Amino acid sequence: MNFVQPLTALAAAALLAACASGPAPVAVPPAIATAPHQPLAMSIAARGVQIYECRATPAAAGDARSARHEWAFVAPEAELLDADGHTIGRHGAGPHWTFEDGTRVTGRVTGRADAPQAGAIPWLLLESRTTPPNGPLNAMNDLRAIQRINTSGGKAPAEACQPGDAGSRVRVPYTADYLFHGAR
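Heads up: the sequence shown begins at -4 in our numbering, then just goes up one per residue.
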């Protein structure tokens, strides 16, 4: 008898079910917890880069002899992915999330927590505002908060940049899950 086939099919079915349901529940730090009246509306994976630019520190700007440079965050650039890995939108500066139907969600950071994974960008809580596409209002109009969790990568380079690198940019790969929360 061949038991490999049934077990493989069962494992594949379990994996598909897990992917379709979004990320597994994660305990989030209090600093990025949503209010009890803000239920999860949707979960979206992101894959892209965090962009950093080499800039003089404010203290060094007026004194060339003590010039120090560091990597400053510029913007994210990422694809938003559904449970099947298909691109359904883009994430960019602002921050904003733009979906294929024209819906645009903007956010403002209201909470931050260190990521549990070394080298990963922080987990965030953002207050959200939605701009619907032309036409009838959609379900995303009731969004109130966004959490960025399960981050991997994306941190600025650990080594300082040099004065000769001023203005240069680096693109650091990252992934994250964005949890969009509505209002009851």
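By construction, the Cβ of each residue, glycine as well, lies at the ideal position given by its N, Cα and C atoms. Predicted model only: the values in this text are computed from it and were never measured.
Asked, Found
"Tell me which same chain residues have a C-beta within less than 6 Å of the C-beta of Thr240, skipping the five on either side of it?", "The structure shown has nothing for residue 240, since the chain only spans -4 to 179."
"Under the three-state reduction of DSSP, which class applies to Gly162: helix, strand or coil?", "coil"
"Would you please state the rounded distance, in angstroms, between the beta carbons of Gly106 and Ile46? I believe it to be under 8 Å.", "Going by Cβ atoms, the distance from Gly106 to Ile46 rounds to 23 Å, so no, they are not a contact pair."
"What are the start and end residues of the beta strand (DSSP E) that includes Gly89?", "Per DSSP, Gly89 belongs to no beta strand (DSSP E) and is neither H nor E."
"Within 10 angstroms of its Cβ, does Ala178 collect 16 or more other Cβ (buried), or is it exposed?", "exposed"
"Could I get the ranges of all uninterrupted beta strand (DSSP E) runs contained in the region 35 to 80, with 3 residues as the minimum, in chain order?", "35 to 51, 64 to 76"
"Measuring alpha carbon to alpha carbon, tell me which residue in Gly87, Trp118, Asp77, Gly102 is nearest Asp109.", "Trp118"
"Look at the alpha carbon of Phe68 and the alpha carbon of Gln157, and state the distance between them as a whole number of angstroms.", "16 Å"
"Does the beta-carbon of Val100 have 16 or more other beta-carbons within 10 angstroms, so that it is buried, or is it exposed?", "buried"
"From this set, Leu174, Asn145, Arg63, which residue's C-alpha is nearest Arg139's C-alpha?", "Leu174"
"Output yes or no for whether 8 Å exceeds the beta carbon distance between Arg50 and His64.", "yes"
"Among the residues of its own chain, which have a CB less than 6 Å from the CB of Arg124, if the five just before and after it don't count?", "Thr101"
"Where do the N-terminal and C-terminal ends of the beta strand (DSSP E) with Val100 fall, by residue?", "99 to 108"
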